[in-house]
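See below:
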């Protein structure tokens with residue numbers, strides 16, 4: 110599967126290996142497909158939805174899907190397992206799955222928006238709040254939309270367990286959430302080659 114269209118064709122015939130709603134398995138294609146659906150609902154390409162609508166509403170001035178030539182000096186390298194510098198690889202549905210490149214000030218602005226959604230326009234505030242809503246639980250982790258949540262304070266072991274190969278690469282049984290923690294710690298969902306650590 111090499112193109113967005115091939116991914117969509119793949120999804121037409123795809124059948125889950127486990128009963129729907131009973132297991133979680135991390136998947137870049139599912140996040141990419143979600144982004145594609147959002148863009149289709151807005152009748153715009155995904156990169157334009159982000160760069161022309163969402164980033165300005167969040168006050169992000171140096172965040173991109175497609176890094177302009179004038180900003181390449183700010184585009185950091187990640188490092189692969191051989192400690193060689195690499196950049197994010199293009200691929201099917203890459204923009205919505207892992208395609209945002211951002212400067213540190215914009216990352217801090219994004220964190221500020223997530224900590225203080227009430228300071229943003231109503232539609233952005235609602236969107237931020239909805240991404241914070243957990244859907245189900247895997248062990249001590251609550252899966253939200255693009256975020257993994259933990260009861261705060263979380264132990265180092267809890268965070269290590271949530272990044273284990275079992276959680277990241279394999280299907281895991283989920284349970285319904287009866288009550289989310291009142292104070293949460295948020296953790297990113299997923300990573301991509303060269304950009305999985307902090």
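Residue numbers (our numbering): 110 to 307. Even glycine gets a Cβ: it sits at the ideal position worked out from N, Cα and C. Owing to the predicted nature of the structure, the values given are computational and were not obtained by experimental measurement.
Item                                                                                                         : Value
Which listed residue (274, 302, 157 and 188) has its alpha carbon closest to that of residue 176             : 157
Run of the alpha helix (DSSP H) containing residue 121, from where it starts to where it stops               : 113-122
As assigned by DSSP and simplified to three states, the class of residue 259                                 : strand
Contact the segment 188-196 vs the segment 124-135: 3+ CB pairs below 8 Å                                    : no
Burial state of residue 278 (16 or more Cβ within 10 Å)                                                      : exposed
CA nearest to the CA of residue 246, picked from 289, 137 and 265                                            : 289
CB of residue 259 within 8 Å of CB of residue 205, strictly                                                  : no
Residue burial classification, residue 145 (beta-carbon count within 10 angstroms, cutoff 16)                : buried
Buried versus exposed, by CB contacts within 10 Å (16 or more), residue 116                                  : buried
For residue 133: DSSP bridge partner residues                                                                : 281
Ranges of the beta strand (DSSP E) found wholly within the segment 201-271, counting only runs of at least 3 : 245-247, 250-252 and 256-260
Cβ pair residue 171, residue 182 closer than 8 Å                                                             : no
Rounded distance between the beta-carbons of residue 280 and residue 126, thought under 8 Å                  : 7 Å
Reduced DSSP category for residue 161 - H, G, I as helix; E, B as strand; rest coil                          : helix
Stretch-stretch touch, CB-based, cutoff 8 Å, three pairs: the segment 215-235 with the segment 257-277       : no
Proximal residues to residue 292 (C-beta, below 8 Å), its chain only, five neighbours per side dropped       : 260 and 261
Residue 125, DSSP secondary structure in three states                                                        : coil
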